[in-house]
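Numbering (this note's numbering), first residue to last: 36 to 110.
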């Protein structure tokens, strides 16, 4: 089965978004929506990753694959 590079980016981004969203939901279920102060960095990092994935999906949707590659692998 042959995939175009654009299709592979879509699979990569959607899978990454689903995985980080599930991780954030799991953290919220296990610790509640108001986590202990010691877990704030973990919640913040997970939320930042979900936001970053949203930016990746936006850049992919507008079709700027060169910038998407730099953003995903260079940053």
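Using N, Cα and C, we set each Cβ at its ideal position, and we do this for glycine too.
Counting only the same chain and skipping the five closest in sequence on each side, list residues whose C-beta sits under 8 Å from that of residue i.
{"i": "residue 45", "result": "95"}
{"i": "residue 81", "result": "55, 58, 59, 62"}
Apart from the five residues on each side of it in sequence, which residues of its chain come closer than 7 Å, Cβ to Cβ, to residue i?
{"i": "residue 74", "result": "66"}
{"i": "residue 111", "result": "For the chain, the structure presents residues 36 to 110; residue 111 sits outside this window and is missing."}
In this structure, does DSSP put residue i in helix, strand or coil?
{"i": "residue 69", "result": "coil"}
{"i": "residue 104", "result": "helix"}
{"i": "residue 98", "result": "coil"}
{"i": "residue 39", "result": "coil"}
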